[in-house]
Amino acid sequence: LDCEQRIIASKVIRRWVVNHMQKTAFIIDHDFVMASALADRVIVYTGQPGVECTANTPQGVVDGFNSFLKMLDVTFRRDPTNFRPRVNKKNSSKDREQKAAG
1 LDCEQRIIAS KVIRRWVVNH MQKTAFIIDH DFVMASALAD RVIVYTGQPG
51 VECTANTPQG VVDGFNSFLK MLDVTFRRDP TNFRPRVNKK NSSKDREQKA
101 AG
């Protein structure tokens, strides 16, 4: 699916879970656009992959994504034309600026 289709699919899934199933869903996704469209809370896991992990307390989407990205030492920006998240290049001026701001 392209980016636009993933956003539509996310909205359909969310609407189905909330309105029809009236349940809580635990969805794991590695696509930030799709995950942000689906989520109202985020659980960030810490530890060593394949060895041990700890699930942190559920957080709001913004705080959860920010703590996850901070662990990875990655910063994002919004593309000004389509508002999609874009990864900043490591040590680029935007990357350094965002890390300095906290």
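Counted from 1, the sequence shown has number 4 at position 4 by the UniProt record's numbering; the numbering is strictly sequential. Even glycine gets a Cβ: it sits at the ideal position worked out from N, Cα and C. None of the values given here were measured: they were computed from a predicted structure.
Item, Value
"First through last residue of the beta strand (DSSP E) which encompasses G47", "Y45 to Q48"
"Under the three-state DSSP convention, the category Q59 falls into", "strand"
"F26 beta carbon less than 8 Å from that of P85", "no"
"N- and C-terminal bounds of the beta strand (DSSP E) containing R86", "P85 to V87"
"V74 and N56 closer than 8 Å at C-beta", "no"
"Nearest-angstrom Cα separation, counted from H30 out to S100", "The sequence given here has Ala at residue 100, not Ser. If I take the Cα positions, the gap works out to 26 Å."
"Presumed contact (8 Å Cβ cut-off) between D95 and N88, rounded CB distance", "4 Å"
"Residue burial classification, L1 (beta-carbon count within 10 angstroms, cutoff 16)", "exposed"
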